[in-house]
Amino acid sequence: MDREKLIEAGIDYDAALKRFVGREDLYQKYLIQFLADDKFEKLKTAIIKRDAKEAFKQAHALKGVTGTLSISRLFTALEEVVTPLRVENIDEAEKNMEKVQKEYMYALSAIRSEVGVPS
């Protein structure tokens, strides 16, 4: 994996590798699992349906995964969705979804490129 490309995409590669005790193979395995994860799509659906509880559940879970994988910019963007959803403020969360979408797509593209998984 190209460390610099992942860093450019907002992924703290060094922190991730430290968290995965230097095992790039293990980290790569979990990045591949992230590509198949459906939490982001479920979050978007819940926002569209204006289901604050489900949106919170999905956003919070996705934030946890991105934290574990050190996908830092997406993690930070998700904080701006999780916080208003905590108090069921779906309007504020919806406003912040544009940044989440951008960071999600950017991270996904970089991960696909670096782990050799086609779009």
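Start counting the sequence shown at 10; every next residue gets the next number (the working numbering). Backbone N, C-alpha and C fix where the C-beta goes; we use that ideal spot for every residue, glycine too. Predicted model only: the values in this text are computed from it and were never measured.
A distance below 6 Å between beta-carbons, with the five flanking residues on each side excluded, links E103 to the following residues of its chain, in chain order: I56.
The continuous stretches of alpha helix (DSSP H) do not include K58, and DSSP gives it neither H nor E. Bounds of any alpha helix (DSSP H) do not take in M10, whose DSSP letter is neither H nor E. Of the candidates L40, R12, A61, E33, the residue whose Cα lies closest to the Cα of E101 is A61. Under the three-state reduction of DSSP output, I80 falls in the coil class, being neither helix nor strand.
Ranked by Cα distance from D23, the options S81, L52, Y113, E89 are led by S81. In the DSSP assignment, A25 falls within the alpha helix (DSSP H) that extends over 22-28. In chain order, I41, L44, I120 place their CB closer than 8 Å to the CB of V126, counting only its own chain and leaving out the 5 sequence neighbours on each side.
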